[in-house]
Amino acid sequence: MGAAQPHYYELRSRRVRRQPTAAQPQEQPRPQPQPFRPHNIEELRPEHRVEVAAPEHEAYHICDQQQIWCRLPNCSRPQQPFKTVAAWKIHVRRAACHQLETLCTWCGHVVILPPEHLSAADTKAIMDDHRAERCVGASKRIKEARIAASERLTILGRDASHIAVPEEAAEEASVPNPRKRHLASEEARRADQCCSYIKRFKEAHPDILAIIGVEHQLNIS
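Read left to right, the sequence shown gives residues 1 to 221 (our numbering).
Here is the structure:
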């Protein structure tokens, strides 16, 4: 008998494929709703402060389940709660039952309307004007737009007292700027812009500006 031949075994790795488990989305806890509280309006000027009044009752109520219940008069869904205060604000702004509502959901104050009868469109125009020009609960972007509008009207020599701006910004806007105030034509305005650019260019590149002035026969001192 010959020598025993060695046995070769084919070893195969058994790869177990596991089905990927779907990641369970973790529900983020909602922030606790803040109770209804009107903003402080002491920063407003007296003539703007008399245009609003504090509400006599809370505009919404928060129950133990952290749900928001609308408490405004003439509400069409007083028994249907909202999950967030933001959802309640959308309801007040869009619902037909609140078209004549004068409570500003941004600052929490009631806007006082003129004594004459106003339509829903008139009421909306007054409320939009309040939010754009005088509401203390407006966003930072809107408040910056107010400052820009107040400065523009001041430069043009027009009254800007209907716009509520911080005292510091109001003092800066009230300072007259004679150089810009007397620009009566479009050509003068463009020349003013060119001079402003040349001034900045001179500070950065005085040598280059001197050469350009000689070429154009300009005396740039």
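For every residue, glycine included, the Cβ atom is placed at its ideal position computed from N, Cα and C.
Between which two residues does the alpha helix (DSSP H) carrying residue i extend?
{"i": "residue 130", "result": "120 to 133"}
{"i": "residue 212", "result": "206 to 215"}
{"i": "residue 147", "result": "140 to 155"}
So residue i packs on residue j, CB below 8 Å; how close in whole Å?
{"i": "residue 36", "j": "residue 58", "result": "5 Å"}
Short of 8 Å in beta carbon distance, which residues of its chain neighbour residue i, apart from the five on each side in sequence? Order them along the chain.
{"i": "residue 104", "result": "52, 110, 111, 127, 130, 131, 135 and 137"}
{"i": "residue 179", "result": "Model confidence at residue 179 stands at a pLDDT of 47, short of 50, so the residue's coordinates are unreliable and nothing is read from them."}
{"i": "residue 30", "result": "66, 83 and 84"}
{"i": "residue 50", "result": "112"}
Along the chain, where does the beta strand (DSSP E) containing residue i start, and where does it finish?
{"i": "residue 98", "result": "Note, residue 98: premise wrong, no beta strand (DSSP E); not H, not E."}
{"i": "residue 48", "result": "First-last for residue 48: 46 to 49, but that is the alpha helix (DSSP H), not the beta strand (DSSP E)."}
{"i": "residue 69", "result": "68 to 70"}
Grab me the residues of residue i's own chain with a C-beta within less than 7 Å of its C-beta, minus the 5 sequence neighbours each way, in chain order.
{"i": "residue 88", "result": "60, 68, 70 and 82"}
{"i": "residue 201", "result": "209"}
{"i": "residue 174", "result": "Any reading at residue 174 must be qualified, since the residue scores a pLDDT of 49, below 50, and its modelled position is unreliable; the value itself is stated next. Only 154 meet the Cβ criterion."}
{"i": "residue 217", "result": "none"}
Given a cut-off of 9 Å on the beta-carbon distance, is the pair residue i and residue j in contact?
{"i": "residue 199", "j": "residue 165", "result": "no"}
{"i": "residue 101", "j": "residue 84", "result": "no"}
{"i": "residue 108", "j": "residue 39", "result": "yes"}
{"i": "residue 149", "j": "residue 160", "result": "yes"}
{"i": "residue 63", "j": "residue 76", "result": "no"}
Who pairs with residue i in a beta bridge, going by DSSP?
{"i": "residue 61", "result": "69"}
{"i": "residue 52", "result": "111"}
{"i": "residue 82", "result": "68"}
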